[in-house]
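> Handing you a structure now.
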């Protein structure tokens, strides 16, 4: 798939902020359009962009929009520090610098003809949403779709309306759980691994994609293995410090892998030995 | 490559070579001795070179000593490497202007005025340039800054005729013999027959440059003398790094107690990464002026030894000195092979010399190898 | 329409149990229903029955002063609710409330623990199975404690 052509990969393209939606108290979804109307934005599910706010800084953010739509790039950003705060506080019409898309994508091709299991934790649902769009828009190309989503508490859940809509598709199961419920929450309470027993999996026939905090991904992949999936059929999205996203600054190294170009999506078999190494 | 002939020219011709390069538009840089160390700087004439100086190097130690002769290249390598020019410590990537909420990137990149001529590039340094070429030009993306500075550079290599105690290029297979990647290569000969250079061109423009000098064909004797002096440099090396199975050795010894041992000595001062000719890590810095409407993005050297290098929301992944030293050494000697197809180390020995506490990478490898090699103490 | 015997025999928890033991379980079992909001068991009450959930969701919760009840976990189809009947002091430590319409099989824990005392082979089999449930719940609870989605 063609990527945005930049002669210098370190030079951002100005994009205009078209919409900002509040998802949760600290998380916002931004919709950006290239300032030159002729530009089209392409990406593969799982890839990320480097988003630059004028004079503040640049961050790697996963693209969480529909890969079939090329006129906008959509990002869900959690405000946790100075740079993310600046990003989510842009006004409509402001410019944001975009570089990318970078990185390896989710195996949407390899998953064709098979069941797709998506396990998301917290903001991890955002990088997986493009996969959901792709599968649902090409429903006949895939088997069952199982979405397991764990959040901190009910008010921290992303895309709640969409989750309900996705669940209404044929051969699609959506299960949601929170670590901390409340009296008005009538859903599951417990970590996302507790949802496996409620899902009907065909392990030999499935491809799993996992995204969330590293601890959560470690336990989920262990559970997926217990369920009978092969290590070559489980994919994770890893994260490390990033400055350049083009393999030159050296910050994102994870063992021998550069997360910006060898990842962020990895097969479990590739990084299994690295996941258990402390301070790698 | 066509066999080019070896020529001999007198040491007095070296100044002519420098002048000819400057005339052709090159900024000549080479070894100079401003202050107790041999560093790379502007070379306008032969007088700028460290005539009659040599270096004494050991782990954590560097001293200059006077020679008995007036050799111009009678030393090993100093704290700097040619990445000072090809991969500068600080460079502006671009500038941008903002009006209202909209910005645009300005097309006013600052490029170097003249290409460089590197005078006095050693075999280990040629190997290091090749290593950085692989990283910055031959992988998924190309670094335009490195490309411009590197491709434009005229390289005059110099054969080492002596080794410092911290040199181990022979064991790394990167020297002391210069084998390729140069425009001109010189071997300094200083004996009863006079002070002269044996020169061979390695490219068309190198050959052309040679024609500007008064030279005669080298004799068989000159050739033997040159070969012998390089052999001397090889034989003088007292350190070596055993690279047999080194990738598996380091990958499998993630928890070796030697890491705790080196961590108790390492100051995480990052000297090694600064002097290392292949270390390439950088960081970016976004700055604005006081109006807030003019922004610049700068790139500067960074080091995996810093606390913040591995920082992601909430904390750093590698907080301990142990983790950071292990990362550097494992990357340099092992992961680099998976990433780029060769070792990242060229055996120049700078990290050993310039470590304030004298940590010796060859010794650390030996300790891990001999200490069980299976992670057993 | 599945019989109690069939459900119990097919349930993974009882897999591998001697036929005689399974028959024993069936004798001590009955179908039960709970309307949404009903407390199935309460903290402090004597623990003599445990449940195999067939339909619906149950919230395990803690009632604390000045607080709404805090749900620590939910259990649903196929899961076993309650293990305090097996070990002294045979008292429930938490509340368990039906979140929606719950259908379950109630099993006579008092009867079963007496049988376990008499027949240690049976006791070992039962304890082994409950130990596995507890281990998984403990692991999940520890993960919950980590609060991995919080901002550091």
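Residue numbers (my numbering), protein chains in the order written: chain A, 1 to 280; chain B, 1001 to 1377; chain C, 2001 to 2152.
The C-beta atom is built at its ideal place from N, Cα and C for all residues, glycine as well.
These numbers were taken from a predicted model, which means no experiment stands behind them.
(1) Is there a C-beta anywhere in chain A that falls below 8 Å from the one on residue 2016(C)?
(2) Residue 2144(C) versus chain D: which residues are under 7 Å apart at the beta carbon?
(3) Applying the 10 Å Cβ sphere with the 16-neighbour rule, what's the burial state of residue 1376(B)?
(4) Would you verify that the beta carbon of residue 1277(B) is, or is not, closer than 8 Å to some beta carbon of chain A?
(5) May I ask you to verify whether the stretch 1321 to 1335 of chain B touches the stretch 1293 to 1308 of chain B, counting CB pairs closer than 8 Å and requiring at least 3?
(6) Measuring alpha carbon to alpha carbon, tell me which of 1354(B), 1286(B), 1211(B), 1185(B) ends up nearest residue 1270(B).
(7) Bridge partners for residue 149(A) per DSSP, in chain order?
(8) Kindly identify the DSSP beta-bridge partner or partners of residue 1312(B).
(9) Since residue 1292(B) meets chain A, which of its residues come closer than 9 Å, beta carbon to beta carbon?
(10) Give, in chain order, every unbroken run of the alpha helix (DSSP H) that is at least 4 residues long and sits entirely within the stretch 2100 to 2148 of chain C.
(11) Is the Cβ-Cβ distance between residue 1093(B) and residue 1298(B) less than 8 Å?
(12) Roughly how many angstroms separate the alpha carbons of residue 28(A) and residue 36(A), rounded to a whole number?
(13) At the 8 Å Cβ level, is residue 1137(B) part of the contact set with chain A, yes or no?
(14) Would you tell me roughly how many angstroms separate the C-alpha atoms of residue 4(A) and residue 69(A), rounded to the nearest one?
(15) Looking at chain C, is there any beta carbon in it that lies within less than 8 Å of the beta carbon of residue 183(A)?
(16) Report the residues of the stretch 242 to 253 of chain A with a CB closer than 8 Å to any CB of chain B, ordered along the chain.
(17) Just tell me which of 1255(B), 1265(B), 1140(B), 1365(B) has its CA closest to the CA of residue 1339(B).
(18) Kindly give me the distance between the Cβ atoms of residue 176(A) and residue 149(A), rounded to whole angstroms, as I take these residues to be in contact under 8 Å.
(19) Can you find a CB in chain A that lies within less than 8 Å of the CB of residue 1034(B)?
(20) Can you tell me whether residue 1248(B) is buried or exposed? The criterion is at least 16 other CB atoms within 10 Å of its CB, across all chains shown.
(21) In angstroms with no decimal places, state the Cα-to-Cα distance between residue 2145(C) and residue 2052(C).
(22) Could you give the DSSP three-state label for residue 2091(C): helix, strand or coil?
(23) If you draw a straight line from the alpha carbon of residue 1191(B) to that of residue 1218(B), how long is it in whole angstroms?
(24) Identify the continuous beta strand (DSSP E) that holds residue 211(A) and give its terminal residues.
(25) Whose C-beta lies closer than 7 Å to the C-beta of residue 252(A) among residues of the same chain, with five residues either side of it excluded?
(26) Once DSSP output is grouped into helix, strand and coil, what is the label at residue 1078(B)?
(27) So, does the CB of residue 1354(B) fall closer than 8 Å to a CB anywhere in chain A?
(28) Is there at least one Cβ from chain A nearer than 8 Å to residue 1377(B)'s Cβ?
(29) At the level of alpha carbons, what is the spacing between residue 200(A) and residue 1131(B)?
(30) Would residue 1088(B) count as contacting chain A if we go by Cβ distances under 8 Å?
(31) So, using beta-carbon positions, are residue 121(A) and residue 216(A) closer together than 8 Å?
(32) Does the beta carbon of residue 219(A) sit closer than 8 Å to a beta carbon anywhere in chain C?
(33) Looking at the structure shown, is residue 1171(B) part of a helix, part of a strand, or coil, going by DSSP?
(34) Along the chain, where does the alpha helix (DSSP H) containing residue 182(A) start, and where does it finish?
(35) According to the Cβ coordinates, are residue 102(A) and residue 67(A) closer than 8 Å?
(36) Buried or exposed: where does residue 49(A) fall if 16 or more other Cβ atoms within 10 Å of its Cβ makes it buried?
By the coordinates alone:
(1) no
(2) In the structure shown, chain D does not exist; the protein chains are A, B and C.
(3) At residue 1376(B), the pLDDT of 46 sits below 50, so the modelled position is not reliable; the number obtained from the coordinates is stated separately. Under this definition residue 1376(B) is an exposed residue.
(4) no
(5) yes
(6) 1354(B)
(7) The partner list for residue 149(A) (beta bridge, DSSP) reads 120(A), 176(A).
(8) 1315(B)
(9) 54, 55
(10) 2109 to 2118, 2120 to 2146
(11) yes
(12) Near 25 Å, if we compare the C-alpha coordinates of residue 36(A) and residue 28(A).
(13) Chain A, which has no Cβ nearer than 8 Å to the Cβ of residue 1137(B), makes this no.
(14) With a pLDDT of 35 at residue 4(A), under the threshold of 50, the modelled position of this residue cannot be trusted; read the value that follows with caution. Near 14 Å, if we compare the C-alpha coordinates of residue 69(A) and residue 4(A).
(15) yes
(16) 243, 244, 246, 247, 248, 249, 250, 251, 253
(17) 1140(B)
(18) A Cβ-Cβ distance of about 5 Å is found for the pair residue 176(A) and residue 149(A), placing them in contact under the 8 Å criterion.
(19) Output row for residue 1034(B): interface = no.
(20) exposed
(21) The straight-line gap from Cα to Cα measures roughly 26 Å.
(22) strand
(23) Taking the straight line joining both Cα atoms gives about 15 Å.
(24) For residue 211(A), the enclosing beta strand (DSSP E) stretches over residues 206 to 211.
(25) 240, 241, 242, 258, 259, 260
(26) coil
(27) Among the CB atoms of chain A, none fall inside 8 Å of the CB of residue 1354(B).
(28) Low local confidence applies: a pLDDT of 44 at residue 1377(B) is under 50, so the model's placement there is unreliable, and no value is given.
(29) Between residue 200(A) and residue 1131(B), the C-alpha separation is close to 51 Å.
(30) The beta carbon of residue 1088(B) does not come within 8 Å of any beta carbon belonging to chain A, so the residue lies off that interface.
(31) yes
(32) yes
(33) Three-state result, residue 1171(B): helix.
(34) Note, residue 182(A): premise wrong, no alpha helix (DSSP H); not H, not E.
(35) Result no, Cβ atoms of residue 102(A) and residue 67(A) do not sit closer than 8 Å.
(36) buried
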